[in-house]
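Q:
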Amino acid sequence: MAVQKREKDLNILEKLYIPEIIKGMALTLKSMFRPNVTLQYPEVRFEPLASYRGRPVLVQENNGVERCVACGLCSRVCPALAIEVQAAETDQEKERYPEKFEINMLRCIFCGFCEEVCPEEAIVMSKDYELVFKNRDEAIYGKDKLLVPVDNLKDRLEFLRKFK
Amino acid sequence: MNIWEILIISLIKILFIVVMLLLTVAYSVYFERKISAWVQNRVGPNRVGWLGLLQPFADVFKLLLKEDIVPDAANKPLHTLAPFISLFVAFTTYAVIPLGPPIELFGYKINLVVADVNIGILYVLALTSLGVYGITFAGWSSGSKYSLLGGIRSSAQMISYEVSMGFSVAGVLLMSQSLSPVKIVEAQYGWMWNAILQPIGFITFVVSAFAETNRLPFDLPEAEPELVGGYHTEYSSFKFAGFFLAEYANMAIASAMIVTLYLGGYQVPYIEKLGLGYTLTTIIQIASLFIKIGALLFFFIWVRWSIPRFRYDQLMSLGWKVMFPLALANIIWVAALIMIFGL
């Protein structure tokens, strides 16, 4: 093995440790007086920015119908195989709708691929990060939990239009 | 004073010291967590009680409710004995450290030290050397390689640093010409603090004290990344609490020793020139001792959250090649001071 050479040898002051230790101590002392970054969680909640990838949700139009046309692309692209879509026909203009749309939140890895691939902007990542279940069945979110009115998702939709 | 009065007064002093030591330990754990939080721009424990002040009691309660596990491969008697050695050493050392000048209370003349022995410093050095047995026994008797490595490291480290510690103390002894802590404190009258007269000895003693108490940057016996938990990997519940308490009690004792030997103990420079009454002077002197110990405890914790751990070979070369010669040089320095200025 070739002998490794240091880029820079320590000088005598650095070898004495003590000046360097004082420098480090001064730094930590300074940071003791900096403002805290802690949020007192249950009382103060973190309000994420629009770029935040929380749990994926389905966009619900103002007339109460979901945007999704059940093309199944999200289910296809999902690397964790968390999404299951079952399509059915409808009399509306979009002709197809998801009869069953389930995301297994224990599998979801919040990668956002489903949102990226969706041609209808029908599935987006929300700001919701508080996910609690008591058992595995509860972790499978159906349409009842996934549908969110479009008004609540304006931030994210705007963000997607700007940067996607 | 008859024998009963002496006994009762001694018992009260012992009770006072033990309670104070336990409270100091509890709150140095609390401040350890608080200061680490401040250094990292966090808040720290603030839920249990006002500002989280009851947190240490909650911690201890939790520890006591845990299951006491003894590994199958352990040597059971030694495994049980080890934390008690550590605790015993930690709690008995404080007996010789003077808290203040002698006071008069209810007509009795009371020395504010549990045992005013004339070989106090030797007693402390002897007991801190015993402390190594607690850790080594714990490491060896656990029947786990991580614990064994922690124990071996600890004994090597403590023996190496005891040498430079002893030689630094020799400088103090030359100065005060006595082994009694009370005399040593009295010799540091005014600004004659040993920390000012022999700064090199002060630094070597403080560094050795860090190594003796196994605090960062010398906490190789614990070294979580390499040794899981070092000598207390296989301990739980009350026995673990014993080691935990002993570590913080050792920290308090190291601080008290540094104050006694180098920072003038309870002495406040030029306090008699202020013309305060006898009672007020005594109270200020006792308070100054506690303030000095508190400041040193803060220093211990502050260092822990600033400096990374030394590598094992660095630790050894620092101990033998730097600290030991420096401590020797300090003795010569003190001898020269005494010879030239006749202090």
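Chains D and Z supply the protein sequences, listed in that same order. Just so we're aligned, residue 240 is where the first sequence starts under the numbering used here, counting upward by one. Just so we're aligned, residue 98 is where the second sequence starts under the numbering used here, counting upward by one. In this text, a Cβ means the ideal position worked out from N, Cα and C, and glycines have one as well.
Just grab the DSSP bridge partners of V363 of chain D for me.
A: V363 of chain D pairs with D:V296.
Q: Between V304 of chain Z and chain D, is the shortest Cβ-Cβ distance under 7 Å, so that the two count as touching?
A: No, its Cβ sits nowhere closer than 7 Å to a Cβ of chain D.
Q: Exposed or buried, what is L377 of chain Z when buried is set at 16 or more other beta-carbons lying within 10 Å of its beta-carbon?
A: Answer is exposed; the Cβ neighbour count stays below 16.
Q: If you follow the beta strand (DSSP E) that E369 of chain D is in, where does it begin and where does it stop?
A: It is not in any beta strand (DSSP E) - E369 of chain D carries neither H nor E in the DSSP assignment.
Q: Return the residues of the stretch 123-139 of chain Z that lie within a Cβ-Cβ distance of less than 7 Å from chain D, sorted by chain order.
A: So the close ones are W135, V136, N138 and R139.
Q: Work out the CA separation of S125 of chain Z and K403 of chain D for me, nearest whole Å.
A: Straight-line Cα distance between these residues: approximately 53 Å.
Q: If you measure from the beta carbon of S403 of chain Z to each beta carbon in chain D, is any gap under 7 Å?
A: Interface residue, yes.
Q: Who are the Cβ neighbours of G231 of chain Z in its own chain at under 6 Å, not counting the five residues just before and after it?
A: The answer, listed in chain order, is A179, I182 and S183.
Q: Counting along the chain, where does the alpha helix (DSSP H) carrying P296 of chain Z start and finish?
A: Element bounds for P296 of chain Z: P296 to E309.
Q: Beta strand (DSSP E) containing V202 of chain Z: first to last residue?
A: Looking at the sequence shown, residue 202 of chain Z is not Val but Leu. Its beta strand (DSSP E) spans residues I200 to L202.
Q: DSSP state of F407 of chain Z, grouped into three classes?
A: The answer is coil: DSSP assigns F407 of chain Z none of H, G, I, E or B.
Q: Using a Cβ cut-off of 8 Å, pull out every chain Z residue sitting near G263 of chain D, in sequence order please.
A: Ordered by position in chain Z, the residues that pass the 8 Å Cβ test against G263 of chain D are S403 and I404.
Q: Can L393 of chain Z and I355 of chain Z be called in contact, C-beta distance under 7 Å?
A: Yes, Cβ-Cβ distance for L393 of chain Z and I355 of chain Z is below 7 Å.
Q: Do the CB positions of A306 of chain Z and F315 of chain Z come within less than 7 Å of each other?
A: Cβ atoms of A306 of chain Z and F315 of chain Z: not closer than 7 Å.
Q: Just tell me which of Z:M436, Z:E129 and Z:G287 has its CA closest to the CA of K370 of chain Z.
A: Nearest of Z:M436, Z:E129 and Z:G287 to K370 of chain Z, Cα basis: Z:G287.
Q: Are the beta-carbon atoms of L162 of chain Z and V269 of chain Z separated by less than 7 Å?
A: No, these two residues do not count as a Cβ contact at 7 Å.
Q: Check P337 of chain D in the structure and name its three-state DSSP category.
A: DSSP places P337 of chain D in strand when its eight states are reduced to three.
Q: Take the Cβ of Y258 of chain Z as the centre, count every other Cβ of all protein chains shown within 10 Å, and call the residue buried at 16 or more, exposed below.
A: That one is buried.
Q: Drop a sphere of 10 angstroms on the beta-carbon of Y280 of chain D, count the other beta-carbons inside from all chains shown, and report buried for 16 or more, exposed for fewer.
A: By the neighbour-count rule (16 or more Cβ atoms within 10 Å), Y280 of chain D is not buried but exposed.
Q: Do the CB positions of T441 of chain Z and A426 of chain Z come within less than 7 Å of each other?
A: In the structure as shown, chain Z starts at 98 and stops at 440, and residue 441 of chain Z therefore has no counterpart that could be examined.
Q: So which residues on chain D does W399 of chain Z lean against when the C-beta distance must stay under 8 Å?
A: Neighbours of W399 of chain Z on chain D, chain order: M264, T267 and L268.
Q: By DSSP, does V325 of chain Z sit in helix, in strand, or in coil?
A: In the structure shown, V325 of chain Z sits in coil (DSSP, three-state: anything other than H, G, I, E or B).
Q: Could you check how far apart the C-beta atoms of P412 of chain Z and Q254 of chain Z are, in whole angstroms? I think they sit under 8 Å.
A: For the record, residue 412 of chain Z in the displayed sequence is Leu; it is not Pro. Indeed they touch by this definition, with Cβ atoms about 6 Å apart.
Q: Using only alpha-carbon positions, find the residue among D:D394, D:L345, D:R400 and D:V356 that is nearest to R375 of chain D.
A: Nearest C-alpha to R375 of chain D: D:L345.
Q: How would you write the range of the alpha helix (DSSP H) that A346 of chain Z sits in, first residue to last?
A: Note, A346 of chain Z: alpha helix (DSSP H), S334 to Y359.
Q: Give a yes or no on whether 7 Å exceeds the smallest Cβ distance from V242 of chain D to chain Z.
A: So, not an interface residue.
Q: Closest by CA to V116 of chain Z, which one among Z:S238, Z:E164, Z:A346 and Z:F395?
A: Among Z:S238, Z:E164, Z:A346 and Z:F395, the Cα nearest to that of V116 of chain Z is on Z:A346.
Q: Closest to S277 of chain Z by C-alpha separation, out of Z:P168, Z:I216, Z:I109 and Z:Y127, would be which residue?
A: It is Z:I216.
Q: Can a CB atom of chain Z be found closer than 7 Å to the CB of V276 of chain D?
A: Closer than 7 Å to some Cβ of chain Z, the Cβ of V276 of chain D qualifies, so yes.
Q: Going by Cα to Cα distance, which pick from D:R284, D:C347 and D:K382 is closest to G237 of chain D?
A: With chain D represented from 240 up to 403, any question about residue 237 of chain D goes unanswered, as that position is not in the structure.
Q: Less than 6 Å between the CB of L266 of chain D and some heavy atom of the ligand FAD, yes or no?
A: This structure lacks the ligand FAD, and indeed carries no ligand of any kind.
Q: With a cut-off of 7 Å, does the C-beta of R273 of chain D fall near any C-beta of chain Z?
A: Yes, its Cβ sits closer than 7 Å to a Cβ of chain Z.
Q: With DSSP collapsed to three states, give me the class of A326 of chain D.
A: If DSSP states are grouped into helix, strand and coil, A326 of chain D belongs with the strands.
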